[in-house]
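Remarks on the structure that follows.
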Amino acid sequence: MELRHLRGFLAVAQERSFTRAAQRLHMAQPPLSQRIRELEDELGVKLFERCTRSVHLTQAGETFLERVQSLFLQLDQAVEACRQAERGEVGVLRIGYTGRASHQLLPRVVLGFRQHYPDVQLDIQGPHPTGLLRSRLLDGQLDVALCFLPLHDAQIDTRSFASSAFVLALAASHPMAGLPSVALADLAQEPFVGYPSNQGFHLRDAMDAACSAAGFTPHVVHESETSQVLICHIAAGTGVSVIPRELQEMEHLGGVVFKSLGANAPQVEHGMAWLKSNRNPALRNLLALELSPKPSAPK
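If you're matching positions, the sequence shown starts at 4 in the numbering used here and goes up one per residue.
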């Protein structure tokens with residue numbers, strides 16, 4: 004039994020005429036009659052009572068019609084679901100994020116994507132270190148990562164949405180806190196606090212690189228995965244740190260003084276990364292959206 008047999012049967016059953024059914028199917032009547040005979044032979048039942056001017060379904064034909072109509076409805080639904088998947092209108096989009104890099108971008112992504120593609124399931128994973136997100140992109144566990152940039156890998160594409168300069172952070176009680184400026188090299192002998200090392204934390208790698216450029220390796224006495232905890236330790240005098248300037252604006256805690264690293268201060272970028280070879284249509288749709296922050300209206 005082939006689909007052409009079922010389509011022929013459905014057309015004749017609905018039209019109650021071989022002639023009109025053949026016209027509807029854009030074919031000659033004899034081949035259509037042959038299809039119906041082949042179908043009846045395979046089923047071992049008579050589907051139609053043929054009269055001179057009309058065609059009527061037998062009881063077996065009525066029962067078969069009911070099931071065939073349901074079958075074609077499911078087939079039409081399957082075809083539409085397939086096309087929606089190809090258009091990225093259904094399916095799953097796996098989004099990984101790292102905490103501080105994603106505090107503004109993640110809500111924009113979720114809201115913007117949901118408004119355009121409400122039937123796509125969002126699998127949001129995190130927060131994770133940027134290094135772990137990079138690994139999950141490469142091994143196919145994520146479609147897109149909202150993370151710190153750059154990610155140095157030829158297989159990965161990225162898009163930057165914002166940048167922030169690094170600054171020195173000291174306790175307000177620190178002897179250098181009242182100075183108009185502090186060079187990073189002046190803190191070479193100071194205890195530092197920072198994100199965990201060798202665990203994929205981009206901000207820790209950036210702090211270590213900045214200190215290395217200043218001629219020393221930081222002596223880190225406390226590590227934490229969260230910015231809030233680091234700020235608290237800085238305020239308590241546990242150590243100093245090199246952190247993105249945005250934390251100065253976001254962590255409304257007293258007891259911390261921030262010092263500029265000057266015009267050549269290293270920058271950290273926040274953005275989106277994805278595997279170049281990823282063919283998920285939902286990712287294609289996400290990348291087509293305008294997700295850049297709207298400029299603030301003049302006051």
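C-beta atoms are modelled at their ideal positions from N, C-alpha and C, and glycine is treated no differently. Quick caveat, the model's predicted, so the values are computed rather than measured.
query                                                                                                                   : result
The segment 266-276 / the segment 160-168 touching (three or more Cβ pairs under 8 Å)                                   : yes
Exposure of ASN283, with buried meaning 16 or more beta-carbon neighbours within 10 Å                                   : buried
GLN37 to GLU293 span [Cα, whole Å]                                                                                      : 57 Å
ALA186 vs VAL259 beta-carbon contact at 8 Å                                                                             : no
Given 8 Å, three or more beta-carbon pairs between the segment 118-127 and the segment 182-202                          : no
Whole-angstrom distance between ARG90 and HIS155, CA atom to CA atom                                                    : 30 Å
Which of helix, strand or coil DSSP assigns to GLU193                                                                   : coil
For CYS54, three-class secondary structure by DSSP                                                                      : coil
Run of the alpha helix (DSSP H) containing PRO284, from where it starts to where it stops                               : 284-291
Nearest-angstrom Cα separation, counted from ARG111 out to SER299                                                       : Caution is warranted here: a pLDDT of 47 is assigned to SER299, below 50, making its placement in the model unreliable, and the coordinate value is therefore given only provisionally. The alpha-carbon atoms of SER299 and ARG111 are separated by roughly 15 Å.
Boundaries of the beta strand (DSSP E) in which LEU171 is found, first to last residue                                  : 159-174
Cα-Cα separation between GLN17 and ARG7, rounded to whole angstroms                                                     : 15 Å
Integer-rounded CB distance, given that THR101 should sit under 8 Å from GLY129                                         : 6 Å
Residues of its chain near HIS225, where Cβ-Cβ distance is below 7 Å and the 5 sequence neighbours each way are ignored : VAL196, HIS236, THR241, GLY242
Cα-Cα separation between PHE151 and PRO247, rounded to whole angstroms                                                  : 11 Å
Spatial neighbours of ALA175 in its chain, beta-carbon cut-off 7 Å, leaving aside the 5 residues before and after       : GLY258, VAL259, VAL260
Straight-line Cα distance separating LYS262 from LEU136                                                                 : 31 Å
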